[in-house]
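First the structure, in the form of structure tokens, and then the observations on it.
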Amino acid sequence: MSEGRKWPFYLIVILLALYLIIPLFVTLIYSLATSWSTTILPSGLTLKWYASMFEDPTFINALIRTLLLILVSMAVVLIVMIPTVVIVSMHFPRLEKLFQSIVLLPYAMPGIILASGLLQTYSSLEIPKLILVGGAYFIVVMPYMYQGIRNSLQSVNMIPMIEAAELLGSNQLKIFFSIIIPNIKKGILVSSLLSFSILFGEFTLTNLVVGGNYETIQIYLFRVMQVSGHISSAVVIAYLFVLSLLSLLIILFTNGKKKKQV
Amino acid sequence: MRYTRFKNFLVLLPFIIIFAAVLLIPFIMMAISSFFQDNTSSFSFYNFHLIFTQKFYYIAITNSINLSLFSSIIGSFLGLFVTYAITKLAHQTQNRLLLILNATSNFAGVPLAFAFIILLGNSGFITLMLKYVHIQFNLYTWMGLILVYVYFQLPLAIMLFYPVFNGIDQRWKEAAYLLGASNRRYWLKIVIPYLLPSFFGTLTILFANAMGAYATAYALTGGSFNLMSTRIGALTSGDINVMPNLGSAMALILALTMIIALFINQIILKKLRRDIG
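Line order of the protein sequences matches chains A and B. To convert, note that position 195 of the first sequence is 195 in the UniProt record's numbering; the numbers rise steadily by one, no gaps. To convert, note that position 139 of the second sequence is 139 in the UniProt record's numbering; the numbers rise steadily by one, no gaps.
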């Protein structure tokens, strides 16, 4: 194909890129503008919104709360899911198909349905709402973590190794920590990063189940949005920076793995 | 032997408990309670009757279905053209574009709504520019929502189409031309039938994605635009007028529409396969 005929494709792609980038770009400018409300262009540039974001104790607290909730939920997911996946594929192979479809179910389940089910069932009981959110987080990332665990178990051919260890008399705890974990550590890194970025952007479940009682970064953003546009845009840009960093890491690790396999 | 089997089952227990407590039991409870009127204890179809007869509720359903249908159709068609254009560019450019797409596909919910508010809200950057040429634009209407929804649908559509377009073998074209097919015939008889199943699959995924979207719509309109997801949220978790059973009925209808969409997709796929075979 000649170079001359490629311009329509370039045009389409440039239009797409503009549509996708303009909202991000305007948010970036807004976070750097001294004031920008009635004019087409901002009146001056400043970093003070970023400074006031980091000086705001409610922002720091929201960040800590978010990290705490995500890390604890993900630790529980790993501790529960790794032995489950191993045991099912070793000892209950006939249940594997059923198990797989159950685990992948939440892919298709919108957060709004999960949230209304949880509230319907538990709002009258004296269960801390935070535990419900943690449970919901578990369900949200379960499919991603499952695929990461299963793929890494298969790629290092783990099952015969475990069977050998069992035959030689190792106990289950030892097998878990000295055989399974070291071998799948790298493989579950990517799915953990992906899960982390999904939970970092979670708003629906958190807002409906605990709401303002446990202000995560998303709920903080939603509240600040009604107060100061400039600080909110600084938060959005910082949030996107973290997410881009995470996806860059994910791409880096996935490509690294592919090269090794070849 | 029996003892180890029991021990294995014990390892599975935490998973079974969490799955039952967080997913299975709530879903069953939701389905059951949708057949009970709020604040009463007798079985009835009152909630469903209310939803389908009161305008306030059934408008939420039609609004949601319309918004999801339109945004997924626009997203799928645009995605198809854009992905085709992307695959025609140099490999280096393709990889860079995929990086941008990956970054923007994370950009949804509250942050996305915020970006569109400063871009197109009442004193947004583009709204002001449009005012100079005497065009009024209101983000908090049908058109505004479509624009925002397409924004998060399009990257997803492209990510789903990209591997499909990459699967088109250059040799199909060569073979078709050798057998005397015109360019138009090659597209009609080979490329389009190849793309159709993925097209309908993507359409279904985008539709479900839009039906379940809560954060974007809620952050953008604060619930003032009547949609199923924001209505369920207000009914189950609002401070005033909480009617959890009515909310459950609504959530059940939402789940049903998604299942129906999936079912229609299956029927279309079956028909397509039969036509090709």
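Note that beta-carbon positions come from the ideal geometry of N, C-alpha and C, so glycine has one too. Remember, it's a predicted structure, so these values are computed and weren't measured experimentally.
Chain B places no beta carbon closer than 8 Å to that of Phe196(A), leaving this residue out of the contacts. As computed with DSSP, Leu45(A) is found in a beta bridge with Ala33(A).
Straight-line measurement puts the Cα of Ala136(A) at about 30 Å from the Cα of Arg5(B). A straight-line Cα-Cα distance of about 27 Å links Ala219(B) and Val72(A).
Boundaries cannot be given for His134(B), as no alpha helix (DSSP H) includes it and DSSP labels it neither H nor E.
With the criterion set as a beta carbon lying under 8 Å from some beta carbon of chain A, the members of the segment 24 to 54 of chain B are Ile25, Pro26, Phe27, Met29, Met30, Ser33, in sequence order.
Contact with chain A is absent for Leu160(B), since none of that chain's Cβ atoms lies less than 8 Å from the residue's Cβ. Between Asn138(B) and Gly144(B), the alpha-carbon positions lie close to 7 Å from each other. Burial state of Ile192(B) is exposed, judged by a 10 Å Cβ sphere holding fewer than 16 other Cβ atoms. Contact annotation, Asp38(B) with Met228(B): C-beta distance approximately 18 Å; criterion of less than 8 Å not satisfied. Interface annotation, Gln218(A): in contact with chain B, CB-CB separation under 8 Å. A contact between stretches requires three or more CB pairs, one per stretch, nearer than 8 Å, and the segment 200 to 217 of chain B meets this requirement with the segment 152 to 167 of chain B. Not a single CB atom of chain B sits nearer than 8 Å to the CB of Gly44(A). For the pair Val77(A) and Met145(A), the CB atoms are nearer than the 8 Å cut-off.
Against chain B, the beta carbon of Thr204(A) has neighbours under 7 Å at Tyr214, Ala215, listed in chain order.
Gly117(A) places its beta carbon less than 8 Å from that of Met30(B). Legend: CB atoms of the segment 227 to 244 of chain A lying less than 7 Å from CB atoms of chain B belong to residues Gly229, Ser232, Ser233, Val236, Tyr239, Leu240, Leu243, Ser244.
For Gln37(B), there is no enclosing alpha helix (DSSP H), since its DSSP letter is neither H nor E. Under the DSSP assignment, Lys6(A) falls outside any alpha helix (DSSP H); it carries neither an H nor an E label. Contact check for Gly223(B) against Thr236(B) fails: the beta carbons are separated by 8 Å or more. Shown here, Phe43(B) sits in a strand according to DSSP, grouped into three states. Selection Pro111(B), Phe52(B), Asn106(B), Thr53(B) evaluated against Ser31(A) yields Pro111(B) as nearest (Cα-Cα). Residue contact with chain A for Pro197(B): absent (no Cβ-Cβ distance below 8 Å to any residue of chain A).
Tyr186(B) is the residue among Tyr186(B), Val22(B), Asn166(B), Pro163(B) whose C-alpha sits nearest the C-alpha of Trp172(B). The C-alpha of Leu80(B) is placed about 29 Å away from the C-alpha of Glu202(A).
Membership of Thr216(A) in any alpha helix (DSSP H) is not indicated, and neither H nor E is assigned to it by DSSP.
Contact of Ser229(B) with chain A by beta-carbon distance below 7 Å involves Ile112. Where Met90(A) is concerned, the enclosing alpha helix (DSSP H) starts and stops at 57 to 91. Glu202(A): not part of any alpha helix (DSSP H); DSSP gives it neither H nor E. For Lys185(A), the three-state secondary structure derived from DSSP is helix. Within chain B, Val110, Ala113, Phe114, Ile117, Ala219 have C-beta atoms less than 9 Å from the C-beta of Met225(A), given in sequence order. With a beta-carbon spacing of about 6 Å, Val190(A) and Thr254(A) fall inside the 8 Å limit used to define contacts. Three or more beta-carbon pairs drawn from the segment 18 to 33 of chain B and the segment 120 to 136 of chain A are found closer than 8 Å, and the two stretches are therefore classed as touching. Excluding the 5 residues flanking it on each side, Thr58(A) has same chain C-beta neighbours closer than 8 Å at Glu215, Tyr220, in chain order. Three or more pairs of CB atoms, one per stretch, sit closer than 8 Å, so the segment 102 to 119 of chain B contacts the segment 20 to 27 of chain A. Val80(A) and Phe15(B) have their C-alpha atoms spaced approximately 6 Å apart.
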